Every structure is written in C-alpha cells, then in structure tokens.
Amino acid sequence: MSKVPSDLKYTRTHEWLRTLPDGSVEVGITDHAQHALGDLVFVEVPEAGRTVAQGEPFAVVESVKAASDVYAPVSGEVIAGNPALAGAPETLNTDPYGAGWLARLRVHTAPGALLSAAEYGRLTTEETD
Amino acid sequence: MAFVPHTRADVAAMLESIGVESIEALFEEIPAALRISALEGVPEALNEMQLARLMSARAQRDGRHLCFIGAGAYEHHIPAAVWALATRGEFYSAYTPYQAEASQGTLQLLYEYQTMMASLTAMEVSNASLYDGASALAEASLMAVRANRRSRSKRILVPCSVHPHYRRAAVAIAGNQGLAFEELPFADDTGCTPVAALQRYEREDITALVIAQPNVFGGLEDVDTLTDWAHARHALVVAVVNPVSLALLKPPGHWGAKGADIVVGEGQPLGIPLSSGGPYFGFMTTRLEHVRQMPGRIVGRTVDADGRAGFTLTLQAREQHIRRGKATSNICTNQGLMVTAATIHLSLMGAEGLRRTAAAAHARTRELVAALTSLPGVRRQFSGPVFHEDVIGLDVPVAPVLQALAERGIQGGWDLHRHYPQLGSALLVCATETKTAADITRYRDALADCLRATRTA
Amino acid sequence: MSIERDNRLEPLIFDYSVPGRGAEDQWPAPSGDAAVADLPAALCREQPPLLPAVSELETVRHFTRLSQLNFAIDTNFYPLGSCTMKYNPKACNQYAMLPEFLARHPLAPEAQGQGVLECLFELQEMLKAVTGMQAVSLTPMAGAQGEFAGVAMIRAYHRARGDLERNEIIVPETAHGTNPATATMCGWVVREVPVDAEGDVDVAALAAAVGPKTAGIMLTNPSTLGLFERRIEAVARIVHDAGGLLYYDGANLNAILGKVRPGDMGFDVVHVNLHKTFSTPHGGGGPGAGPVGVAARLAPFLPVPVVARRDDRYCWLTEDDLPQSIGRLSAFCGNVGVLLRAYIYMRMLGRDGMAKVGDYATLNANYLLARLTRAGFDAAYPRRRASHEFIITLKRQARDLGVSAMDVAKRLLDHGQHAPTTYFPLLVPECLLIEPTETESKAALDTFAVAMAQILAEAAQEPEHVTSAPHTMPVRRLDDVRAAKQLDLTWKPAP
C-alpha cells in the first residue's frame with residue numbers, strides 16, 4: 003500500500019499539493035507514482051519565474067524504463083524548483099512528500115477540482131487491481 | 128528456395144503438433160476475399176550461381192572511372208581489415224544491443240566510437256549514429272529547438288553555402304514541426320558567409336545558426352566570429368563538419384569563445400564506400416548539458432552484479448519505444464554497421480594516419496586546381512582558403528564538358544548550375560589521397576581536349 | 005597486479021594504445037608542412053584528437069574478440085519478436101559489395117550507373133507487386149523514416165486538396181512506439197484507439213474516434229500482438245468514409261508475404277522494412293531501409309529521388325520531375341547498398357520462394373506456440389491463430405514464483421538462445437513476443453522449447469537461479485540505474 007498523507011490534495015495524474023502558511027503551494031509526485039516509475043535517474047524542475055497553467059506539463063521525471071511529464075496541479079508562477087533533485091533524483095523515491103518536493107508556486111487562481119486523500123487512495127487502489 | 132530447412136517429415140510432425148491438416152489452414156483468419164493466389168510481377172527464382180552472373184554483369188555495366196567528385200561523399204582509401212571485420216557475422220547479423228549481456232561486443236565498440244567522435248569534434252558526448260549527414264542536420268535543428276529554452280521562434284539561420292541537399296532534407300524532415308529555415312547569402316568573392324549577412328537579424332529571436340566547415344564549396348568559414356555572434360544573441364550553434372577535415376581544422380568545440388553546441392556531419396569519409404550514396408552514417412556530438420535532448424541511441428559504461436565493468440544502452444527514456452509521441456525523435460534503427468566500420472577505420476588511422484590523409488587529400492586538390500587553372504578559360508571561382516575541395520569556373524557551359532569527360536572515363540566534378548545558377552559555369556572538384564600526379568595530368572589533358580572541342584563546336 | 009586475464013572481457017582499444025605505434029601501411033606518405041601552409045592558422049587544430057595508436061594486428065584481434073562477445077543470427081537462435089531475425093544469405097552481401105558498386109559516387113553520371121539503377125528499378129517493381137501498390141520510392145533509410153515519409157505524404161495529400169482541417173492520426177494502443185513519435189514529427193495530434201479482448205481493433209471505438217479531423221490511421225497487420233486484424237475491411241471502410249487514409253506499417257509483412265497484400269486490404273500507403281522481410285542484415289542496429297509504396301493518388305508526393313525508366317535508360321526523378329514531392333530525406337538516394345542486398349534476396353527467392361516465406365514463418369510460430377503451451381506457458385490470446393509471431397505472458401509465474409519475463413529472457417541467454425522481445429507490446433503484462441522466422445529448422449525450435457521448459461521447472465525449484473541470470477555471459481546483469489545516473493559515455497585517459 004502506498005502512503006497518502008491526509009493533509010494534502012491530489013490529482014488524478016498523481017501529483018500532490020500542499021498549501022504553505024504564506025499561501026503559496028508546494029507540489030510533487032505521490033508515493034504511488036514514484037513506486038510505479040521505479041528508481042528515478044533524472045528530474046527536471048521548472049525555473050523560477052515561469053508561469054504555468056493547471057494541467058500543463060511543468061516537470062519531467064525519468065527512470066530507466068519510463069519518462070513522464072508532471073502536470074501542474076494549479077495555475078501560478080514558479081517561486082522555486084527544488085535545487086536538490088538534480089544531484090539526487092533518488093530523493094523522489096525515498097521522500098516523495100518531503101525532501102522530494104518538485105516546485106513551489108504562487109497561486110494565481112483557486113485550483114480547480116482536486117482530490118482528497120481518501121478519494122486519491124480509492125483511485126490508486128482501483129488502478130492496482 | 129527461401130532458405131527454408133524443413134523436410135516433409137518435419138512439416139507433417141509440426142502440423143500434427145499444432146492440430147491442423149495443412150499449412151493453408153493456418154491462414155483461416157484472413158478474409159478469403161483478400162487472399163491472392165500468386166505474386167504476379169515477381170520473376171522466377173535464380174539460384175546463387177545464376178544470381179552471381181547477373182550481378183557481375185550489372186556491376187560491369189557501371190564500370191570503374193576516375194572520380195573527381197566530392198560534394199559530400201569522398202573517395203578515401205579503406206583498409207581491407209575494415210570490412211573484413213565489419214562483415215563478420217557476429218557484427219553483421221546481430222540486432223540492436225537491447226539484451227546487453229549478449230551484446231557486449233557491439234556495445235563496447237559503440238562506447239569506443241562515442242569516445243573517438245567526441246574527441247574528434249572536441250565535444251563531451253556523442254550518440255551512436257543517425258542515418259546520414261543531411262538527416263542529421265534536420266535532427267540537430269529539432270534538437271536545437273528543444274535545447275534552446277531562451278528562444279521561442281524556432282527560426283534556424285542556414286547559410287546558402289551549406290550543401291543544398293542538406294538544406295532540402297532539413298526542411299522536408301523538420302519543416303512539419305513549425306521550424307523556419309532562413310537562408311543567408313554568401314559573399315561573391317569568397318563563397319563564404321559574411322558576418323554582414325547577419326546584420327538584419329541583430330535584434331531578432333534566433334534559435335540556432337548553422338555553420339558548415341568546410342562549406343559545400345570547400346570554403347573555410349570564419350567560424351570563430353560566426354559562433355560568437357550567435358552566442359551573443361542566445362542562439363545555439365549547429366556545426367556541420369567533415370570528420371577527416373578535423374584532423375587539421377579547429378574542432379567545433381573550440382570555435383569562438385564557447386564552442387559550438389551541437390555538431391553533426393557525414394561519417395562516410397571514415398571507411399565507408401561511396402556505394403551510390405549509402406548506406407553512410409550521420410554523427411552527432413554535443414555538450415553534456417544537452418545530452419537529454421539528443422536523439423538516437425547512447426551507450427554508457429556501468430557495472431554488473433559482480434561489480435565488473437560492462438556496457439549498456441542508456442538514457443533510453445528519451446527514445447520512441449518509451450516516450451512514444453513525446454520522444455526526441457522517431458529514430459529506431461540507425462546505421463550501426465557503418466559505425467562498426469568507422470570505429471575500426473579510426474583505430475587503424477589513429478591521429479597521425481587521419482592527419483596524413485587529410486593533408487594528402489588537401490595537397491592533391493591544390494595540385495588539381497593548379498593544373499586545371501593553368502588551362503586558358505579555367506579559373507578559381509572564389510579567392511578564399513579551402514579544404515580538399517574547390518570551385519573552378521569555366522568560360523563554356525559545364526554540362527557538355529562533364530559529358531565529354533565522362534566519355535573519356537573521367538568523372539570531372541559536380542555541376543553547380545542547378546543549385547547555384549548565379550555562379551554561371553561553375554564546377555566543384557575534389558581530389559583525395561587516392562589520386563596520383565598521373566591521374567591529375569590525365570584530367571588536365573582531357574579537360575583541355577574537351578574545352579577545345581566545345582569551343583570549336 | 006593480477007597476472008590472470010579475465011578471458012570473458014576485452015580491454016578498450018585505448019588500453020592497447022602506445023604513442024608512436026600505428027598501422028602505418030594504411031597511411032599515405034607524409035605531405036610536409038608546405039602542403040597545408042595555405043590553411044589559416046586561426047582555423048587549424050592545435051591538439052590531435054584522442055584516437056588509439058595501435059598496430060593492424062592489435063586492431064584485428066581487438067575487434068574480432070569484441071565480435072565474439074555478441075549473439076547474432078550466425079551464431080544463435082534469435083527469436084526476437086517484431087524484428088524478423090531470419091538468415092541473412094551470404095550472397096546478398098557478397099554481390100552487393102562488388103567493387104564497381106562500392107566505387108560508384110552518388111553524383112556520378114547516370115550513364116555510368118545503369119547497372120545499379122536497373123537493380124533499383126526492378127526492386128521498385130517487385131515491391132509494388134508484393135504490396136499491391138502503384139508507385140514506390142526507395143529513399144527512406146529505415147522503417148521510422150519510411151513511416152515519416154508515409155505520414156508526411158498523407159499530410160501533403162490533404163493539403164493539396166485544400167483539406168486543412170485534418171490534424172489527427174489514429175493509432176491503436178498496440179502500435180510500435182515509432183508510430184506516435186512519427187506522427188508527432190509530422191506535426192499531427194495522436195489519438196489512440198483500444199483493442200478488444202481478442203486483440204482486434206475495437207471497431208466501435210474507432211467509429212466514434214473518426215471525424216472531419218481524421219487525417220488517417222497507422223496500422224500494423226498482423227498487429228504487434230501477432231494477430232491478423234480480422235476486421236480490416238471494416239476498419240478501412242470506417243477510415244475512408246471519414247475522409248482519412250490508411251497507412252500500413254510493414255514491420256510484420258513477413259507473416260503475409262504471398263498470402264495477402266496491403267493494397268488489397270485497403271491501405272493507401274505502406275512502408276516495408278527491408279531489414280526484416282527482405283533479410284538485409286540488422287548490423288547491430290542498422291542500416292535498414294524503409295521504402296514506401298503508395299496508391300496512385302499519392303504518387304505525386306513520393307520522396308525524391310525515384311528511379312524511372314525512359315526508353316531504355318534508367319534515371320533518377322528529382323524535385324523538378326515531382327514538384328509536389330514531400331522532398332528529400334537524405335543527402336543522396338538512401339541506403340543503396342541495403343537496397344541491393346534486398347534486391348538480390350528477392351531475386352533468389354523469386355515468386356514461389358516468397359510465397360513460402362509467409363507459409364513457413366507462420367508454421368514455425370504456430371508450432372512453437374503449441375509446444376510452449378504444452379510445456380505450461382500461457383498464450384496471451386489462446387483462442388487466436390498466431391501469425392509469424394506470438395505472445396506468451398508470464399503473469400502467473402511472476403505472481404506465483406516471483407520470476408519475471410525479464411528473468412526468463414536473461415536465463416535463456418545461458419541456454420545459448422537469444423531472448424525474445426520483452427515487455428512489448430505494453431498492453432500484455434510480463435510478455436515475451438516470440439518470432440522464430442521461416443529459416444529456423446524444427447530442431448532449432450525444439451531446442452528452444454526444451455530450454456523454456458527447463459527454465460520453468462527451475463523457476464519452481466530454484467527461482468533465485470533464474471532471477472539472478474545470466475550466469476555464463478561475459479557480464480552478469482548490468483546496473484542500468486547507475487548507467488543513467490552516473491553518466492560514463494566516453495573513455496577519458498588517466499590524468
């Protein structure tokens with residue numbers, strides 16, 4: 003069973019979103035996603051200052067057998083990409099909800115429909131069946 | 128014959144095992160209306176003896192001629208060992224090395240090849256080949272669009288002094304993805320790209336500048352100035368080079384202050400026969416920072432479960448079989464066997480042999496041009512420095528002269544009229560190290576004859 | 005220092021390098037500095053490139069030993085699905101490499117190339133005959149470039165008719181990865197359609213997917229599942245009725261050679277992989293050749309050059325003759341040497357030999373499938389007839405024994421059998437795609453079946469010996485995560 007922290011919001015495409023105290027958000031990929039991808043060998047995070055639209059590919063994660071776009075769970079402006087991932091992509095495998103965050107964004111508009119932890123948990127259980 | 132080894136007893140036993148009456152029954156799922164009974168239009172089989180006779184006769188019709196044509200494909204000496212080794216069944220009849228443990232020979236060879244090409248071009252990484260030089264330019268242009276994050280225009284500046292077939296292939300292959308190839312004129316006196324031609328792009332968003340060294344006329348471009356101009360405007364530099372020339376000429380990695388960003392070219396001069404145009408191979412090298420944008424296969428060295436060194440395809444997540452519609456290219460099969468030959472060729476040549484080859488080819492071309500321009504009505508078209516290829520101007524049309532030369536067994540060069548009508552009667556000529564002083568004299572005397580005949584006609 | 009040498013491995017060519025050594029007999033005499041004095045110093049190289057300095061014998065030994073680390077058709081059974089690893093007759097190589105053919109410059113006069121042009125012209129004619137198409141261009145240099153040419157012609161066709169709305173290419177979910185990658189290269193939007201439980205294209209889903217935006221469909225038949233698309237006539241009707249064209253990926257033409265032709269199935273464009281069906285060598289990754297054939301309405305758009313016969317002379321047609329051509333895909337005229345090998349192969353097979361290809365490729369696949377099923381393996385589509393290849397799925401073994409398709413593939417290497425294609429098509433879990441080809445004997449198939457049965461028994465008794473395979477190859481399983489993370493793509497001399 004993969005971990006689904008209850009305090010986060012999720013997308014159907016396996017991204018998570020955390021609202022920070024200052025109103026900005028932190029985003030990453032879920033434990034389920036990192037497990038499906040396997041050992042990550044490369045992560046490309048967005049540059050600060052870039053504006054992204056919800057659903058737009060804004061990062062790339064790559065394992066030996068797969069490369070996937072990561073879609074922005076909200077629209078906004080990138081405050082920072084996680085600089086630690088370039089040298090240590092495996093952080094996404096070991097700590098997907100913590101040190102493995104991909105980017106921080108300043109949100110422009112309220113995000114569209116996101117999933118609760120319970121809803122996302124059900125989705126991933128269906129997928130593994 | 129179809130190289131099918133089955134005996135009648137085999138077939139009977141196999142059908143029984145499957146549980147059908149006949150081979151025909153195995154095709155029951157194909158709608159009957161679509162079936163054909165025979166392949167009309169395919170001739171009867173030849174056995175190997177008959178085939179040998181047919182092909183020998185065809186080859187003899189083509190004959191052997193004294194060739195002074197270059198224009199992107201060059202006649203160099205090829206050591207006998209190159210193809211004796213490359214056509215060994217273990218190289219010749221192997222597949223792409225997807226099963227690394229059963230393909231260490233091919234994989235290690237490709238790693239050695241990547242090392243040689245990176246060093247020859249003074250870049251950091253190389254792929255395992257593309258189809259040919261022209262399609263490699265198309266791939267490099269697409270790669271430049273992906274790699275240059277500061278440019279949104281997809282505009283690629285291409286000098287007219289880049290081989291016209293390369294320019295056409297780039298448009299045909301990359302044009303459907305919205306790339307705009309804009310042509311830069313060359314100077315009338317040198318045949319090279321003047322920096323002044325770039326002035327109108329001073330303030331524009333340019334994705335990449337293509338620089339061919341030497342260019343299609345053999346001319347040597349001012350690569351340092353052009354490279355620095357591009358980089359000052361955040362455009363990438365795509366170099367198109369002849370690998371043999373790099374034994375003498377400054378490698379693209381050292382052009383200007385920062386060096387070229389992507390290097391491509393035609394690998395044919397490295398041990399590949401002319402063979403009417405192919406198979407050759409395209410090479411591509413780049414900086415490490417762009418490696419994930421590079422198309423084609425790449426081999427890496429790693430370790431096995433026991434910690435011993437071994438080789439495997441790597442960075443495959445860029446490729447079509449994984450990324451599908453988002454891959455860096457649709458390339459799958461490349462020109463592996465040609466790379467095998469080139470790696471063996473480069474090993475036999477070494478730095479010294481390659482340098483001697485380049486110098487000898489260059490010297491023969493100079494002798495050829497001196498001999499031809501000693502004739503009345505024959506002159507050098509351009510004045511600048513060249514490498515092992517040059518354009519001569521005639522005072523009569525080129526086509527009938529070339530035909531008359533061909534009748535004397537001499538292939539005198541490439542008529543530039545079709546692609547460069549503004550040059551008038553211009554002929555691109557090349558002599559490599561394979562030509563002797565007697566060959567050059569023979570060409571000069573034949574040309575003198577043909578010119579006399581043309582003028583009196 | 006270790007005295008013993010590990011005979012399974014071969015040092016790098018650079019390890020043999022000694023300054024001052026070289027295969028000097030292969031080099032021209034030194035030209036002297038004066039010969040290159042006209043090259044401006046600012047444009048010249050300062051440091052020589054890092055190339056090995058080795059003798060000819062060292063070179064010959066090194067590359068011979070490297071070759072011996074490979075599996076190849078000439079040394080091992082190589083049932084790699086979708087790749088058609090059939091015997092490459094030696095005559096095809098020898099007679100394509102006659103000195104006159106090798107020496108001919110691509111820009112040499114046509115009059116001094118009538119022999120090679122005649123071969124190429126006849127090859128075009130034979131490809132028309134086997135595909136049921138009206139015109140052929142030989143220039144694409146591999147299957148993927150043939151696909152590109154085909155799809156670019158579909159685009160050119162719609163545009164020439166002023167039909168600018170169409171921007172979607174339909175691709176079944178089982179397609180080769182090159183199909184969507186090619187469609188993207190042509191600037192199309194890719195739309196995937198599912199296949200049904202029996203492996204046929206879901207015709208209802210297809211009917212719902214087509215419309216005024218449909219440019220065409222890319223199909224492989226038999227499909228990558230090793231199954232003949234039984235409703236191909238309905239598929240053709242649906243796409244044509246929507247105004248789209250049908251593109252045939254010739255990857256699996258070997259299965260139906262002499263039985264049924266893409267043109268008769270309703271396809272408008274085909275590409276043929278000469279390195280599969282017509283036995284030109286795979287060469288460790290190429291060169292291939294991917295000629296394209298088209299119905300008459302697409303002939304004006306063929307890539308140039310194309311060989312034509314005028315009176316009794318053969319000549320190249322260029323952009324001047326075909327102004328609507330999609331253009332040039334190579335500097336010259338494609339992989340001529342590969343085309344000659346395919347020509348020779350086709351002449352040696354002749355009409356009757358070609359019909360045997362489809363027969364025996366299909367017989368071998370169905371026989372091997374029957375043997376493997378009996379040995380306890382699961383066919384992915386047990387109710388279907390195999391074409392020239394078939395899929396077995398190891399889903400059950402992976403679940404019950406912890407042994408994956410990759411493990412079985414690696415263990416096969418220890419048995420001297422090259423692995424089948426693994427994990428393709430993506431649709432079938434833990435799959436092996438097996439294509440024996442017609443040139444393998446019953447005995448070779450039996451040996452493979454016995455090896456598979458032994459591995460299955462071993463997987464039950466001693467699974468770790470299977471999951472840690474191979475054990476007898478030059479290297480054991482390689483760390484491909486490390487290869488991708490700690491990139492080591494070129495050798496560097498010790499500082």
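Residue numbers (this note's numbering), protein chains in the order written: chain A, 3 to 131; chain B, 128 to 584; chain C, 5 to 499. Don't be surprised by glycine CBs; every beta carbon is placed ideally from N, CA and C. Computed from a prediction, not measured in an experiment: that's the story for all the values here.
- In summary, the residues of the segment 67-81 of chain A whose CB is separated from some CB of chain B by less than 8 Å are K67, A68, A69, D71, in the order they occur in the chain.
- When the alpha-carbon of C:Q72 is set against those of B:Q395, B:A221, B:Y547, B:C194, the nearest one is in B:A221.
- A distance below 8 Å separates the beta carbons of C:E444 and C:F81.
- Using a Cβ-Cβ cut-off of 8 Å, C:W31 is close to M476, E479, G480, R483, T484 of chain B, given in chain order.
- B:T334 is a Cβ neighbour of B:N275, given a cutoff of 8 Å.
- A direct Cα-to-Cα measurement between A:L42 and B:G539 gives close to 57 Å.
- A residue is called buried when at least 16 other Cβ atoms come within 10 angstroms of its Cβ; B:R491 meets this threshold and is buried.
- By the criterion of a C-beta distance shorter than 7 Å, B:G346 is surrounded in its chain by S288, T317, G318, C319, F509, G511, V513, once the five residues flanking it on both sides are discounted.
- The segment 456-475 of chain C and the segment 196-208 of chain B do not touch, with fewer than three beta-carbon pairs separated by less than 8 Å.
- In the displayed model, B:W210 falls within a helix according to three-state DSSP.
- Restricting attention to B:D332, B:V367, B:L499, the CA atom closest to the CA of B:R277 is found in B:D332.
- For C:H275, the enclosing beta strand (DSSP E) covers residues 273-276.
- Chain-ordered, the chain C residues with CB closer than 9 Å to the CB of A:F44 read A488, K489.
- Ranked by how close their Cα comes to the Cα of C:L493, the residues B:R428, B:S280, B:E151, B:V390 have B:R428 in first place.
- In terms of beta-carbon proximity, A:D41 lines the interface with chain C, with at least one pair separated by less than 8 Å.
- Listed along chain B, the residues sitting closer than 7 Å to A:E64 by beta-carbon distance are A444.
- Partner residues in the beta bridge of C:R332, as assigned by DSSP, are C:V308.
- Each of A:P98, A:P113, A:T15, A:K11 was checked against the Cα of A:D71, and the nearest Cα belongs to A:T15.
- Annotated three-state conformation of C:Y91 is coil, per DSSP.
- About 22 Å separates the beta carbon of B:P396 from that of B:G386, a gap too long to meet the 8 Å contact definition.
- In the three-state reduction of the DSSP assignment, A:G40 falls in the coil class.
- A contact is defined here as three or more CB-CB pairs under 8 Å, and the segment 446-455 of chain B fails this definition with respect to the segment 27-47 of chain C.
- Interface annotation, C:G297: not in contact with chain B, CB-CB separation never under 8 Å.
- According to the DSSP secondary-structure assignment, C:V193 is paired through a beta bridge with C:E172.
- Under DSSP, B:D517 takes part in a beta bridge, and its partners are B:V556.
- Between C:G288 and B:T460 a beta carbon distance of about 11 Å is seen, past the 8 Å cut, so the two are scored as non-contacting.
- Collapsing the DSSP output to three states places A:S70 in a strand.
- For B:P379, not one C-beta of chain C is nearer than 8 Å to its own C-beta.
- Taking all protein chains in view, the Cβ of A:V29 is crowded by 16 or more other Cβ atoms within 10 Å, so the residue is classified as buried.
- CA-to-CA, the gap between C:K217 and C:A299 works out to about 22 Å.
- Taking 3 residues as the shortest admissible run, the segment 234-313 of chain B contains the following complete beta strand (DSSP E) segments, listed from N- to C-terminal end: 282-286, 307-311.
- Under the three-state reduction of DSSP output, C:M145 falls in the coil class, being neither helix nor strand.
- Counting only Cβ-Cβ distances below 9 Å, C:D363 has no contacts in chain A at all, with the closest Cβ about 37 Å away.
- In the three-state reduction of the DSSP assignment, C:C96 falls in the helix class, which pools H, G and I.
- Inclusion of C:T425 and C:G85 in the CB contact set at 8 Å is warranted, their separation being smaller than that value.
- What C:D484 touches in chain A, judged by beta-carbon distance under 7 Å, is V66, going in chain order.
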